[in-house]
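Down below is the structure, laid out as structure tokens.
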Ligand SMILES: Cc1cc2nc3c(=O)[nH]c(=O)nc-3n(C[C@H](O)[C@H](O)[C@H](O)COP(=O)(O)O)c2cc1C
């Protein structure tokens, strides 16, 4: 790893938050230029670098159902949208430390359906409770005090208090290692609660209040919106003519 620049002046308030929330505690944190080869560092360091640079990540609070009808909820921030035709979303599903499948993964493999419930500020604490590794016989939905309501095109219910929900059908899974699966699914229906989207599909970001994940236990809220119009090539040429 190459470090450049002197330390000290780059210490920030965020560095102090990291100090108090993770395992990398330093007496004197500095922010030099970092240039690191991924093959030379451990997996947890790669995880830390990627998850604190590629931010904020949206959170999918996934409801899924076992073959015998037990509904499960768990959050996933290795989540994003990858196209509109077909409308594809992806989830990065890891195995548990004991290498068993998470309930969400096992349920989607079995039923091929699930719902992505989007997370707002009101739902954030309940979302965090659903991430607790409850034994199979204990429901995270009950523990988090979440009410479910029927979906339309999939059998799996959605979370009634979510600001928005995407009904999904499994399309394809790619396993890079036994522990890591990239799961692709098609969105077959979107639902939003009143006040979030108008009939031209414009979203009111203030009413929506989405929560994003930073690294570890850090989250972000209240997106600060600014506008920047796309520039047509002809306009660019006109504006930049010598
Ligand atoms: C905000 C947040 C995001 C998470 N993102 C992921 C993720 O992208 N992939 C993953 O495998 N686990 C992720 N987890 C951990 C799972 O939610 C956790 O392992 C959960 O217990 C799985 O539940 P399940 O066995 O009911 O599916 C995340 C946890 C939190 C709190």
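In the working numbering, the protein residues as written are 2 to 243. Virtual Cβ for every residue (Gly too), placed ideally from N, Cα, C.
Just to check, is the beta-carbon of residue i closer than 7 Å to a non-hydrogen atom of ligand 1?
i           : result
residue 129 : yes
residue 100 : no
residue 75  : yes
residue 185 : no
residue 142 : no
residue 206 : no
residue 90  : no
residue 214 : yes
residue 93  : yes
Can you give me the start and stop residues for the alpha helix (DSSP H) that residue i sits inside?
i           : result
residue 203 : It is not in any alpha helix (DSSP H) - residue 203 carries neither H nor E in the DSSP assignment.
residue 54  : 44-54
residue 236 : 234-240
Starting from residue i, follow its DSSP beta bridges and name the residues at the other end.
i          : result
residue 67 : According to DSSP, which records beta bridges pairwise, residue 67 is partnered with nothing at all.
residue 91 : 81 and 185
residue 62 : 76 and 118
Could you please give the first and the last residue of the uninterrupted beta strand (DSSP E) stretch that includes residue i?
i          : result
residue 74 : 72-77
residue 34 : 34-36
Below 7 Å CB to CB, which residues in the same chain sit around residue i once its five sequence neighbours on both sides are set aside?
i           : result
residue 215 : 53, 56, 57 and 221
Under 6 Å Cβ to Cβ from residue i, same chain only, skipping five residues before and after it: list those, please.
i           : result
residue 104 : 73
residue 145 : 127, 130 and 131
residue 10  : Caution is warranted here: a pLDDT of 49 is assigned to residue 10, below 50, making its placement in the model unreliable, and the coordinate value is therefore given only provisionally. None.
Within 8 Å (strictly less), CB to CB, does residue i reach chain B?
i          : result
residue 39 : The structure shown has no chain B; it contains just one protein chain.
Return the chain-ordered list of same chain residues with a C-beta closer than 8 Å to the C-beta of residue i, the five sequence neighbours on each side being excluded.
i           : result
residue 210 : 121, 122, 123, 164, 222 and 223
residue 1   : For residue 1 there is no data in the structure shown, the boundaries of the chain being 2 and 243.
residue 196 : 205 and 208
residue 1   : In this structure the chain extends from 2 to 243, so residue 1 is not present and cannot be described.
Residue ranges of each beta strand (DSSP E) within the segment 110-174, 3 or longer: 114-119
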